[in-house]
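Here the structure comes first, spelled out in structure tokens, and everything after it is commentary.
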Amino acid sequence: MAKKEVKTDLWVARQLDDSKIKYDAQGSDVKEINDALQSASKRGTGNAGYPEYVAVVKDFVIVIEDKADLAKHQKLSNTGILSIDQKDIADYAVNGAYFYAKHIAQNSSFHKIFAIGVSGDEKHHKITPLYVDDRDGYKQLPDIESFTSFTAVNIDEYYTRYVLAEKTDVEKTTEEILKDAAELHEYLRTYGSLKDQDKPLVVSGILLALDDKFFKPDDLLGDETTTDGQLIYDAIQRRLKASNVGPDAKRDKLMSEFSIIRTSARLNEVDAKLGKTPLKFYTEFLKKNVFDNIKYRSSSEDFIGRFYGEFMRYSGGDGQTLGIVLTPRHICDLFCDLLNIQTTDIVLDPCCGTAGFLVAAMHHMLEKAGADQNKRKNIKKKQLHGFELQSNMFAIAATNMILRDDGNSNIKCEDFLRQNPAQVQLKGATVGMMNPPYSQGTKSDPSQYELSFVEHLLDSLTEGARAAVIVPQSSMTGKTKDEQTFKENILKHHTL
Numbered sequence: 040m041a042k043k044e045v046k047t048d049l050w051v052a053r054q055l056d057d058s059k060i061k062y063d064a065q066g067s068d069v070k071e072i073n074d075a076l077q078s079a080s081k082r083g084t085g086n087a088g089y090p091e092y093v094a095v096v097k098d099f100v101i102v103i104e105d106k107a108d109l110a111k112h113q114k115l116s117n118t119g120i121l122s123i124d125q126k127d128i129a130d131y132a133v134n135g136a137y138f139y140a141k142h143i144a145q146n147s148s149f150h151k152i153f154a155i156g157v158s159g160d161e162k163h164h165k166i167t168p169l170y171v172d173d174r175d176g177y178k179q180l181p182d183i184e185s186f187t188s189f190t191a192v193n194i195d196e197y198y199t200r201y202v203l204a205e206k207t208d209v210e211k212t213t214e215e216i217l218k219d220a221a222e223l224h225e226y227l228r229t230y231g232s233l234k235d236q237d238k239p240l241v242v243s244g245i246l247l248a249l250d251d252k253f254f255k256p257d258d259l260l261g262d263e264t265t266t267d268g269q270l271i272y273d274a275i276q277r278r279l280k281a282s283n284v285g286p287d288a289k290r291d292k293l294m295s296e297f298s299i300i301r302t303s304a305r306l307n308e309v310d311a312k313l314g315k316t317p318l319k320f321y322t323e324f325l326k327k328n329v330f331d332n333i334k335y336r337s338s339s340e341d342f343i344g345r346f347y348g349e350f351m352r353y354s355g356g357d358g359q360t361l362g363i364v365l366t367p368r369h370i371c372d373l374f375c376d377l378l379n380i381q382t383t384d385i386v387l388d389p390c391c392g393t394a395g396f397l398v399a400a401m402h403h404m405l406e407k408a409g410a411d412q413n414k415r416k417n418i419k420k421k422q423l424h425g426f427e428l429q430s431n432m433f434a435i436a437a438t439n440m441i442l443r444d445d446g447n448s449n450i451k452c453e454d455f456l457r458q459n460p461a462q463v464q465l466k467g468a469t470v471g472m473m474n475p476p477y478s479q480g481t482k483s484d485p486s487q488y489e490l491s492f493v494e495h496l497l498d499s500l501t502e503g504a505r506a507a508v509i510v511p512q513s514s515m516t517g518k519t520k521d522e523q524t525f526k527e528n529i530l531k532h533h534t535l
């Protein structure tokens, strides 16, 4: 077997191990499945044939075929369906997986089967699942990045959502999220002695670390030389590089915000009561309660924003002194409906906070894009933009987008009001969403009036764009000379 093929096999096996999916190689320990494969030769000889890996999860069978060459991923016929020619079944990953899956479905009592074709290597790869049963045909499902959806915890939801095309309701409810936030806040206060603004940063940083494929909570040993904070910090840095977050100055800005994780002595010392460092305790809590159980990639819920809001509330503040108002999910979803968000839109939020509007916009756009991978890639990489002035909020917002595989986290830590509208307009934004800082404007600094933000946003959008903004009633009734001027300019150059 070629060396490249072996490397691909080993990489796929590691992905299955990481997802804690038990599998068999070159056959199955389940007698009925193995018996079915005794006559599954891809060459049509009637002899035995075995896929790379077979797994049984609940009442589902998972069949995996892999190829080292990305060009050998999938072969379609002239009519645009999966080719079942013997040569294509033998040479292409998806075709081979489909062949084995269909054979098992038609020659055993297992009739709910996922055939998964994998090609490439750890750095460049493609993973395509199909749903196969004992009837004719198959259902091609959106490409995936890992096997997480096929774990015992997630596979029923995945089946309901993608095979049956029914909406599922397994997202953590707001009530559950707030309960977790309250519990975590207590732990952060008791064991970490953290300042209010540092609590959400520690949470965001740990979640980024958990999303790094090389990071494992078990590696946090409370070592005094290579501290737990250093291990988490290194994992954050790897995760940012993996997302191509740039330029370097932006990445450095993010890392400086997360430095509390590395520099806090209290977080990195083994706590006698816990028997571990607070950082390891928080990491285990977040992995169990947030990372593994909130399907953040398929939800419009800004759960990190929820945590932030709860931390501020429990700390005796809500961000209002900074003019910070976090927008609830139902309002973010409402804006997407009011503005009729489409897959071709480019969205700008110039006061993005924890990125609630951008998260909701991404969710709505991806739902409309369906399985079109080019559209999905463009939406994530090029069509979502934001500005945030507060550096800790910026770090949280960037984390929110990176965890959703947004491609490059197009959020800048800059003052939107200092941007040249003509320059911002080059982004080509067709949709603007904003919940600007409240009650910051004064006669001595009229640029902070809510209407100043509105005018600046409208001037920064392309001609024909749509915008929705939340403002207090006082903005509409404000009678200062500056507010009157803002209104006149808005109505002169834009349409209400």
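Every number in the working numbering is 39 more than the matching position in the sequence shown, counting from 1.
A virtual CB, placed ideally from N, CA and C, is assigned to each residue, including glycine.
Bounds of the alpha helix (DSSP H) holding Pro-239 are 238-249. Put simply, the backbone Cα of Glu-225 is about 18 Å away from that of Asn-307. Contact check for Lys-106 against Ser-185 fails: the beta carbons are separated by 7 Å or more. Ranked by Cα distance from Ala-461, the options Lys-319, Glu-296, Leu-497 are led by Leu-497. Taking 7 Å as the cut-off, the beta carbon of Gln-113 is found closer than this to the beta carbon of Tyr-131. Contact between Ile-529 and Lys-466 is ruled out by a C-beta separation of about 21 Å, above the 8 Å threshold. Taking a cut-off of 8 Å for Cβ pairs, the stretch 139-149 and the stretch 190-205 do not touch, as fewer than three such pairs fall below it. With a contact defined as Cβ atoms closer than 8 Å, Ile-103 and Glu-91 qualify at about 5 Å. Annotated three-state conformation of Asp-182 is coil, per DSSP. In this chain, the beta strand (DSSP E) harbouring Ile-103 covers 99-106.
Residue pairing by DSSP puts His-424 in a beta bridge opposite Leu-387.
Assignment of Leu-233 by DSSP, reduced to helix, strand and coil, places it in the coil class. Below 8 Å, enough C-beta pairs join the stretch 430-447 and the stretch 247-254 to call them touching: three or more. Per DSSP, Ile-152 is one residue of the beta strand (DSSP E) stretching across 152-159. One Cα belongs to Thr-524, the other to Asp-454, and the distance between them is close to 22 Å.
According to DSSP, Tyr-170 shares a beta bridge with Phe-153, Lys-178. Counting other Cβ atoms within 10 Å of its Cβ, Phe-374 reaches 16 or more and is therefore classed as buried. The beta carbon of Gln-236 lies closer than 8 Å to those of Asn-431 in the same chain, with the five residues before and after it left out. Contact between Cys-390 and Pro-475 holds: their C-beta atoms lie close to 5 Å from each other, under 8 Å. Of all alpha-carbon atoms in Gly-231, Asp-291, Leu-180, Ile-380, the one lying nearest the alpha-carbon of Ala-304 is that of Gly-231.
The shortest C-alpha to C-alpha distance from Leu-377 to any of Glu-527, Ala-506, Ala-204 is the one to Ala-506. Burial check for Val-45: the Cβ neighbour count within 10 Å stays below 16, so the residue is exposed. Note that the C-beta distance between Trp-50 and Glu-161 is below 7 Å. If you compare the alpha carbons of Ile-101, His-164, Ser-78 with that of Ala-110, the shortest gap goes to His-164. Annotation for Gly-395: the continuous alpha helix (DSSP H) segment containing it runs 395-408. Note that the C-beta distance between Val-100 and Ile-166 is not below 7 Å.
For the set Phe-297, Asp-262, Lys-292, Phe-330, the Cα lying nearest the Cα of Asp-310 is the one of Asp-262. Inter-segment contact for the stretch 311-328 and the stretch 284-299 is absent: fewer than three beta-carbon pairs are separated by less than 8 Å. Between Val-69 and Val-96, the C-beta spacing is not below 7 Å. With respect to Asp-267, Thr-187 sits apart: the two C-beta atoms are not nearer than 7 Å. Buried is the label assigned to Glu-494, since at least 16 other Cβ atoms lie within 10 Å of its Cβ.
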